[in-house]
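Line order of the protein sequences matches chains H and W. Numbering follows our numbering, in which position 1524 of the first sequence is assigned residue number 1516; successive positions increment by one, without gaps. In short: position in the second sequence from 1, add 105, done, that's our numbering. Beta carbons are placed, not taken as given, at the ideal position from N, Cα and C, and that holds for glycine.
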Amino acid sequence: MAHPNLPEPQGLYDGDHEHDACGVGFIANIKGKKSHDIVDQGLTILRNLTHRGAVGADPKASDGAGILIQIPDTFFREEMAKHGVKLPPPGQYGIGMVFLPREPASRLACEYEIERAIKDEGQTLIGWRDVPVDSEDLGESVKKVEPVIRQVFIGRSSAIRVTDALERKLYVIRKSAGHAIRALNLAHGTEFWVPSMSARTIVYKGMLLPSQVGTYYKDLQDPRVVSALALVHQRFSTNTFPTWDLAHPFRMIAHNGEINTVRGNVNWVRARQGAISSPVLGNDLNKLWPLIYPGQSDSASFDNALELLVMGGYSIAHAMMMMIPEAWEGHTLMDPSRRAFYEYHAAMMEPWDGPAAIAFSDGRQIGATLDRNGLRPARYIVTDDDLVIMGSECGCLPIPEEKIIKKWRLQPGKMFLVDLEKGRIIEDEELKESLASSKPYVEWMERIRVKLDDVESQKAQPERSSVPLLDRQQAFGYTQEDLKFLMLPMATNGEEPIGSMGNDSPPAVLSNKNKSLYQYFKQLFAQVTNPPIDPIREELVTSLVSFIGPKPNLLGIDEMNPPIRLEVGQPVLDFFEMEKIRNIDSYTDGKFKSCELDITYPVAWGKEAIEARLASLAAQAEDAVRTGYSILIISDRRVDREHVAIPALLALSTIHHHLTDKGLRTSAGLVVETGSAREVHHFALLGGYGAEAVHPYLALETVLQLAESGQFGTNVDGYKAIKNFVKAVGKGLRKVMSKMGISTYMSYTGAQIFEAIGLSRPLIQKYFTGTASNVGGIGLFEVAEEAIRTHLGAFSGDPVLAGALDAGGEYAWRVRGEDHMWTPDAIAKLQHAARANSAATYREYADIINDQSQRHMTFRGLFDFRFHRCTPVDIDEVEPAADIVKRFSTGAMSLGSISTEAHATLAVAMNRLGGKSNTGEGGEDRKRYAPIKAGETMASRLGADRVVIDIPLLAGDSLKSKIKQVASGRFGVTAEYLASAEQIQIKMAQGAKPGEGGQLPGRKVSEYIAEIRYSTPGVELISPPPHHDIYSIEDLAQLIHDLKNSNTRASISVKLVSEVGVGTVAAGVAKAKADHVTISGHDGGTGASPWSSIKHAGTPWELGLAETQQTLVLNRLRSRIAVQVDGQIKTGRDVIIGALLGADEFGFATAPLVAEGCIMMRKCHLNTCPVGVATQDPVLRKKFTGKPEHVINYFFFVAEEIRGLMAKLGIRKFNDLIGRSDLLDMRKGIEHWKARGLDFSRIFHQPQIGPEVSRFHTETQDHGLDKALDHRLIELAMPALERGEKVTIEMPIRNINRTVGTMLSGEVARRYGHEGLPDDTIRVRFAGSAGQSLGAFLSRGITLELIGDTNDYCGKGLSGGRIAVQPSPKFRGDALYNIITGNAVLYGAIAGEAYFRGVAGERFAVRNSGAHTVVEGVGDHGCEYMTGGTVTVLGATGRNFAAGMSGGIAYVYDEDGTFASYCNTSMVKLEPLLTEAEQDAKVARDIWHMGESDETVLKRFIENHARLTGSNRAQQILADWPTTRRRFLKVFPNEYRRALGELAAKGKKIAA
Amino acid sequence: MGKVTGFLEFERLHEAADQPRERLKHWREFVHPLTSEAAGIQGARCMDCGTPFCMSGCPVNNIIPDWNDLVFRQNWQQALDTLHSTNNFPEFTGRVCPAPCEAACTLNINSAPVGIKSIEHAIIDKGWESGWVVPQPPPKKTGKRVAVIGSGPAGLACAQQLARAGHGVVVFEKSDRVGGLLRYGIPDFKMEKHLIDRRMDQMRAEGVEFRVNQDIGDAVPAKKLVDEFDAVVMSGGAEQPRDLPVPGRDLEGVYYAMEFLPQQNKVVAGDQISAQLKATGKHVVVIGGGDTGSDCVGTSNRHGAASVTQFELLPQPPEQENKPMVWPYWPVKLRTSSSHEEGCQRDWSVATKRFEGKNGKVEKLIAVRLEWKDGQMKEVPGSEFTIKTDLVLLAMGFTGPRQALLDQLGVAKDNRGNVKADTDKYQTSIGKVFAAGDMRRGQSLIVWAIREGRQCARSVDEFLMGSTELPR
């Protein structure tokens, strides 16, 4: 059920997809001293975090805000006394804050149920109080749904002696009243909600602006309302629907972030139901179920689960550690007892994984914890008068510096707790130490943990089927390509196989081939509202550990003899491991018992048999668990001529769901033994639908056979090949999980992070409950039929399959293989048409693509236009082609993925026709910016050595790409680059590989590419999976703000990939003030991506675009944002369908590439493109024959085709097409046996909403730039901007002043380019706490000096400017132990300098490519992916320093000699710092950083630091240089060393 | 795939051939297949395209990238299996196919294509040599009987496929030997005839029965087959030669190529031909610039002609086609065959006006030059010229099948006089009668005939059995 105030699910919109994120903060008096000030200050914090929230179409309709405080007893006592009610002593009564329906009868019904529950639980109703509110200031849409707000006062019975017990009773009352009200099933009942019901805390919240919380609730203004703590929250939601209850805080928490694993977590809670018992709650436990209602937000679900744990007897800190454990699995530095604590609890609860800063309180303690990856900011300060203030930002509550004694931040996985009763702060270390030592976890773990690896077995050879391998391979649908493209590379290198270009094959449901069930599922991935994570460079937080078998009692707090558990390091089992599981009984003295469930059945029974077989399997599984089997092996190994296998995924999911429904799922483990699983996607699906381990026997046998036939060469034998294969699957699994931002297999198991394309609703509802499937498709019997068809083919006399596997044709075109849209003829006809400007030949091309009456390729191919409803118009009346083409742009293909010639040709073509080309993520040569003058050619402009095939140009042409892409690598993203844009596109995801990063191997980084990407030639470049400055929706809003500041004239676009829920994300993007959003189909191209991503992630754009349009219209946001669609758009028909489904604009990539010569070689990743398109090899680039004219011809053909169709549809203006999905229909009479069940009505749905709501882009966003401090700065800096005169400016700064210096930098860049002004021309001195993104993209010539501290993203994209930050002299803390700047500082910095006298947060100088910086301490992941520049750290570093660092140098002052254990040395070496003389003697000058000795460089920067920030530390180090020097370590990337050597060698060669 | 960068490292290699001087002395093949090593290197040039145009350029859709790779890795037996999976007779196409695959090869865009045909040639020759080509009799018989009329490449391919599907197949051939154009149209120096015999042995072992000297529609009533067999396949070729109706056509010394070439093949096969038509010492004029014309040139030169001249009506094509506008399709360009290399005058845009002679024997040919514009030809005034000749060979193509059989069976025809049947079912207007090859599509290449034969077999099998496992 979706949320009551969200619209009903309709079309593709479903409220289940809503996301939120936000700002969070709290203030507390450590000593527990209550005051009204605390409440006031809490509200101030809330107001100062306003910019982290959002408002919708109605500016007064925010996404909600609220505050949690302690119950102000005196206040209520006096208030209630006025009504003649005497309250019991504090702690002996509870207050429920209740939202009630406005409809009186419903309200009374709700109140009655509450009262009844109070009575049933033996407590007493003291009375009700109407909460006084002032709703005058509320927005109209908010007022309409404003609930009646009342407080219920509940007294305790005599049996209740302590407040804790009362809390438990209140909890039971609230739950049972809630269940009862829900059971009434009243239309207005959905407005009922209990924000809090406690004897200690009370929550005031609502659909309020931060500034309204204190005015709306009159209570909060009353000085008698006192509290020692205030927890506040401001929400940023993706929707604009009024929802009072979704505001935070919840009863115990306020959350900033997103729980990615929530579906799995909720399922697992449900699955445990039968296995939970609580010594504390006793029989009351039964009244709590269902614990979590379907459709609740992730934060609400989290709150519910946390509450259960706390009510079940865990302390709140203990419960938080169970739900959000640190990354203990691979943590070598962790204390053994703490590790044991985590490991012990790991089997009780799967991590609630995702970016999260969670502040929590039970009224006695208040604290916060951060997810294992540190993906949200949380800063805190402690004052000398016992205040603790924590917030998403520093400076959210201005406190005089002299009062502050500590400034710090929450670190990844760490907790921070204030115990108000004990009157002190309990630091992470102490807190966890005491919990970890409270029970003998280490000893327990040794006793109860059985590692499968350590189980002694007989190493018996596994039983092999007597059915020939080939027949079995065919029975499971193996193709030659599975072997060639997937398994061979996996077993040879232990890596996932890579491919290129897009996916132009039909979805499984349209395919004429028999597909496996796996192919009907698409992987979901994180975009915008949560980040993907990097499973390679940040591997330390990921884990594939899996527990097989019964899980312990979640609430077993008094456990003395915990049950044993079986652990595997990763979930893919080889033959011997499977043999152990099969005979686990004998190997573990009966501690575990396994039994096999055979999922094959006689093929003679036919497809109808599957339903009953599944039912029997479910029953068998249930019986097995009830009779004490602890591991169920779901096996299809008995497949033979007579026996067909039920698809393992289906059998598994059936059993998993059945056991979950019965509450038995945690009593047994599920192991799938299947011949079907052979590629990463298959394993991911099996895990995602509940398998704790998988034994892919047939894949392993296949690998062995390949090894025997010598396919792996001499170095890889069968044993090694299996190892490699398993390793590749593991790596792939990590990648699939991390795409969704999930770190552990434990929480991925059963999380169902997939959507189905082409499966019928009944099938999904019954067997894959909770999975989205929006176009219907085949049902259960068709699934069986497809399996049987494959089976029969395997054992038939088919001569093609007699001696060989089916050809496949998925990955490369084959005549008898899978269909592709790009057939040889389609490519040839398009090229001939474009070259000869032949409309007739274009027609032939378009017919091949458009006519899908025989070949079913795409969903849109099955659409028909309702021409019969239209009155055609004369084509001359239709908008001219020259206007239509302005809506076209080419896709983001970087120079690097394609050649200079191919890249620039597209730009020239698009500029000539008035469309837009896109730089891609590789930056852009500045020589391309100025217009072309007569007589210039491409080579004369860019340099003869850089253009291999010259292309003549016309005067007035432009080589500039109007769209400048900003991707996670931030290559070449300078102030000047941004200033030159007409549109800046933030690439959140790419159709071919959503949720993944990429890398450009060093050999491809030519001197030219290095120049425009500001890196070193020959040094590998890595694009991280996430933007490290976008971990949530409000981060995206911040980046949009940053970019808009850098270039106020450019529109800001956000590129998303189609998947279920993308519409909701798009709504969030619109609220984040993007001007433009691109919805990419899953099928878009790529230069290189794992095949599993190309094929199995994302959905067709028809779905994503329609969902986006419907959601934006429903939210009344559509007018504010332009919508573009791309992904295999090839013809005018495609464009028309895109427009009818809601697109204003259209992106084309592959087709224009084909027009300029691409022949779909799919060899981009090998650099061997034989037509010079996707290669950097000059020999091959010479073969490029494309001309701008070819591309232009193509686009005009498309436009003319569009005009023809518009005339037939009777539509003259393109805008009138947009959103007219009523003109589409599903084609009648589709004979395809699988396609018959498809239903596109959701795609064609139009929200029923008034005509005043626009269906296309008509308005501009209000970016709020008028409030920017930079207007003043620009004004004051005019003498410098206009005449280059030096200016000095001084002003205060606050956290609400965001992105300061960026608009000014844009002005500098526009006038003076990347060179900027001479250093220090504009000098600005600030004092205070600067808002986010101070000095982002700061241009050369600007110096920002700050006394105070900064928030996240300081110096992001630094483009030559200088930043110096030092604490206030009044602040007493030692800079070395206090934080001065936030997370992701200097992310993507290009040039310039930055000095921080203090400690920085996580991910300092990530992807730095040229800035020089000094800092006195950094958090985790410092210098990640760095490619250039110099980082000097004068204090401690966090873990994983230098992960993925390929260039530049870091100098680290290793005072205590521990740095090596914090450094990730997979790509770097640590070296001692030599004196100049030593270095001269030992190291060739060629590989000296910046051509100078390390000593010179380091000393200079430390001296600068001392001078600019007054650092004591720097002075001390300099004072004792001969000694301190020896403590420095130099972090030298291997790639950088190699490249320096090679460059030098090349230089010598040229010189010689 | 072959070697990733193979195409950048290795050159296209042509099959070696004996010098013209040498090869003119005999009737044997003079092309030497690539060595295993050379073929491997040629295979390494293949780029294993994501979209292999060669495969769609090839009428039988040979899975070229796969066997290129297998040859590169010297896995010949599997290469042979892969090749045979789409092509029943690679030894024919590997010798005489013009190789549209190579025209479509991606390397042909801007470089020299992979020597696909030479690799095919090497694979199949090695296959025979190694004894890997063995009969594949069906596991069980269906009891159905199919008559195949005509034993050219279409008929043979169809027969082999049907036999392997378990049907009883009888191939009817009007000549004295099986093979159709393969046997009597293509000279031995292009393709030796024992290759056909070898295949026939294999097919016999697979259950095909060959009956020669059976002129269906003439000596043997076609109706008889329709009555006797469960299905009939018409694959009799397009044998009707295009005539040149000009004055003097009836003079002695003016012949169709197909009156000239078969005689020589029979002689090579050991037959005695009285008064064989020979070019020895004659001034030969070949009219028609196609492959048959070329064969006439090669045969005449082997006879020892005094001179050989070849005329073509169309203008001289360019040496190099306009690749950006033509690739991957078959280009019209100047092609010099091995026979041309052996000596021949070629002239284009020439129309024959008349033949003149004495005593009923041709002595000269009077021709005129043409000017072509927009596909229209015009005689160039005053450009008439005369050439001395005593043997004129007409090789101007074929207009369609001999009509007698069609008429007798009463099948519907298309507007060119071919049997009407689509390429989906290959079924004629008479239900159980099918048609494939030139008889259906008009004159074409051997490889097209094989394709049609195979696809027709699938359709026949489906017709007979209700379903089929034969590949298209």
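Asked	Found
Within 8 Å, strictly: CB atoms of H/G1421 and H/G1402	yes
The ligand GTP heavy atom lying under 7 Å from the CB of H/S190	The ligand GTP is not part of the structure shown, which contains no ligands of any sort.
Cβ-based contacts, 7 Å cut-off: residues of the region 304 to 335 of chain W near chain H	none
Separation of H/E571 from H/S578, as counted between CA atoms	11 Å
Unbroken beta strand (DSSP E) run spanning W/K483, endpoints	481 to 484
Residue nearest to W/V201 in terms of C-alpha spacing, selected from W/R150, W/G515, W/V136	W/V136
When H/I1285, H/L1500, H/H11 are compared against H/N522, the one with the closest alpha-carbon	H/H11
Sufficient close CB pairs (3 or more, under 8 Å) joining the region 543 to 558 of chain H to the region 260 to 272 of chain H	yes
Chain-ordered chain W contacts of H/A820 [CB-CB under 8 Å]	F158, W432, P433, Y434
Whole-angstrom C-beta distance between W/I146 and W/I221, which should lie under 8 Å	With a Cβ gap of about 14 Å, W/I221 and W/I146 do not count as contacting.
H/I525, DSSP secondary structure in three states	coil
8 Å contact criterion, which H/A351 and H/A222 should meet: CB distance rounded	Rounded, the Cβ-Cβ distance is 11 Å, inconsistent with contact.
Reduced DSSP secondary structure (H/G/I, E/B, other) of H/Q357	strand
Beta carbon of H/M1459 nearer than 8 Å to that of H/E1527	yes
Alpha carbon of H/Y921 to alpha carbon of H/Q1358, nearest angstrom	39 Å
Pairwise C-alpha distance: H/V870 and H/G915	38 Å
DSSP three-state assignment for H/F1318, whether helix, strand or coil	strand
Endpoints, the beta strand (DSSP E) within which H/K1522 is located	1520 to 1525
Residue-level contact to chain W via CB, H/V1171, 8 Å cutoff	yes
Opening and closing residue of the alpha helix (DSSP H) in which W/S444 lies	443 to 446
Minimum length 3: unbroken beta strand (DSSP E) runs contained in the region 987 to 1042 of chain H	990 to 992, 1013 to 1015
Proximity test, Cβ basis, 8 Å: H/V807 and chain W	yes
Within 8 Å of chain W by C-beta, residues of the region 1142 to 1160 of chain H in sequence order	I1151, M1152, M1153, R1154, K1155, L1158, T1160
Enclosing alpha helix (DSSP H) for H/W436 [first to last residue]	433 to 440
Minimum Cβ-Cβ distance from W/N213 to chain H less than 8 Å	no
is_contact[W/D186, chain H] using C-beta, thresh 8 Å	yes
Partner residues on chain H for W/F112, Cβ-Cβ distance less than 7 Å	P1162
8 Å Cβ cutoff, H/W1083 in contact with chain W	no
Closest residue to W/V239 among W/K466, W/H189, W/P486 (Cα-Cα distance)	W/H189
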